[in-house]
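K.L.:
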Amino acid sequence: MRKLLFTLLVTITTGVWADQGSISVVNPGPLAKLDKELQQQTNDYRLALGAVVKINRTIRIGNEIRLSGELSRLTWEYPKSHEPSEALDSVREQLLAVGAELLFECEGRDCGASNIWANDLFQNPALYGRDDFQRYVALQLNGDFYSIYANRRGNQRVYLHIDQIKQGSDTTAWINLLSERGWVKLPDLKETTVNQLATMLKASTSVIRLVGHQAGLDQSLAQRESEAMVDQLAEKLIAAGVSKDAIETYGIGALAPSVLGADRAVVVVIVR
-13 MRKLLFTLLV TITTGVWADQ GSISVVNPGP LAKLDKELQQ QTNDYRLALG
37 AVVKINRTIR IGNEIRLSGE LSRLTWEYPK SHEPSEALDS VREQLLAVGA
87 ELLFECEGRD CGASNIWAND LFQNPALYGR DDFQRYVALQ LNGDFYSIYA
137 NRRGNQRVYL HIDQIKQGSD TTAWINLLSE RGWVKLPDLK ETTVNQLATM
187 LKASTSVIRL VGHQAGLDQS LAQRESEAMV DQLAEKLIAA GVSKDAIETY
237 GIGALAPSVL GADRAVVVVI VR
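Going by this note's numbering, -4 is the number at position 10 of the sequence shown; the sequence numbering is gapless.
1. Helix, strand or coil for Ser71 per DSSP?
2. Per DSSP, what kind of secondary structure is Asp156 in: helix, strand or coil?
3. Please work out which residues of its chain come closer than 7 Å, Cβ to Cβ, to Lys188, disregarding the five sequence neighbours upstream and downstream, and give them in chain order.
4. When DSSP labels each residue in this structure, what does Lys176 get in the three-state scheme?
5. Can you tell me whether Trp169 is buried or exposed, with buried defined as 16 or more other CB within 10 angstroms of its CB?
6. Which ranges does the beta strand (DSSP E) cover as unbroken runs of at least 3 residues, wholly within the segment 2 to 54, from first to last along the chain?
7. Spatial neighbours of Lys40 within its chain, please: C-beta separation below 6 Å, excluding the five flanking residues on both sides.
8. Taking Lys171 as part of the beta strand (DSSP E), name the residues at either end of that continuous run.
9. Under a three-way DSSP split, which group does Phe119 fall into?
10. Give the range of the alpha helix (DSSP H) segment to which Val228 is assigned.
11. Could you check what DSSP says for Val197 in three-state terms: helix, strand or coil?
12. Of the residues Leu17, Asn13 and Gln205, which one's Cα is nearest the Cα of Leu81?
13. Determine the burial state of Ala200: buried for a count of at least 16 other Cβ atoms within 10 Å of its Cβ, exposed for fewer.
14. How big is the Cα-Cα spacing for Arg195 and Ala34?
15. When you compare only the Cα positions, how much space is there between Asn162 and Arg95?
16. Within the chosen definition, does the segment 44 to 59 reach the segment 135 to 142 through at least 3 CB pairs nearer than 8 Å?
17. Can you tell which of Gln120, Trp160 and Val84 has its C-alpha closest to the C-alpha of Tyr145?
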């Protein structure tokens, strides 16, 4: 599915894509000029899920996930007539449209100091601008994580920066997110994912809710399908050794499509 989505996006942006960098799924638009590009392995990437501050020369983030994998880092410059929010909103909506999960977003001074984002987190001084012009969003799609930042510099130049962290198919970053935040959208319902969730639950005393989401215009049908989906998942977890008393199931159909990108998914919520 991911390969198909990528192919479709490349097809509809022919003539633009080849000069815009290597991050899949995202098209920055015809007016974007690639400024910097970097690809490297990272063993301790800090994905910010909160505002940033610096205390005694130490970067503190309200919430974060530590990641490792292949980092693709791209920075684009836009015409001065553009607003930073326009550039960021465009790629944000593209990712949500193909099923990305929104993890965190902020704007203006709620994000913290721009110089920390530019110089410390993204290592690109060109991103340093006024705090009240900045925008940031973090998303997850099919096991990959996206850290996106936009700002206007004092010279009025507008920049959009994207970090994509690709992890292997055996990644357990979503488990870390579940532990830290208390809920997570499962990356898929494959056997590996089910076994990872089962292992986590058997090692803890947590009680969880499995909440099924299913897109559809017929809410009654969508609700039945989502209920069947979480019931089947619960059966697999129980078969893997998870206590039946540790699982609650709910199917809510299409009641939250705007949150989940109008797709089919299961959200795991830790009750206690």
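Where a beta carbon is used, it is the ideal one built from N, C-alpha and C, also for glycine.
P.N.:
From the atom records:
1. Looking at Ser71 - three-state DSSP - the assignment turns out to be helix.
2. For Asp156, the predicted model reports a pLDDT of 48, less than 50, meaning its position is unreliable and no value from the coordinates is stated.
3. Counting only Cβ-Cβ distances below 7 Å, and skipping sequence neighbours, we find Gly227 and Val228.
4. Residue state, collapsed to three classes: coil.
5. So Trp169 ends up on the exposed side.
6. Whole beta strand (DSSP E) segments, 3+ residues: 19 to 34, 38 to 41 and 44 to 47.
7. Same-chain partners within the cutoff: Ile102.
8. Segment Trp169 to Lys171, the beta strand (DSSP E) holding Lys171.
9. It is helical.
10. Secondary structure note for Val228: it is in no alpha helix (DSSP H), with a DSSP letter that is neither H nor E.
11. Here Val197 carries a strand assignment [DSSP, helix/strand/coil].
12. Minimum Cα distance to Leu81 is reached at Asn13.
13. Reading off the sequence, residue 200 comes out as Gln, not Ala. Classified as buried, Gln200 has 16 or more neighbouring CB atoms from the shown chains inside 10 Å of its CB.
14. Computed Cα separation, rounded: 26 Å.
15. Those two C-alpha atoms are separated by around 28 Å.
16. With the cut-off at 8 Å, the segment 44 to 59 and the segment 135 to 142 do not touch.
17. The residue with the shortest Cα to Cα distance from Tyr145 is Gln120.
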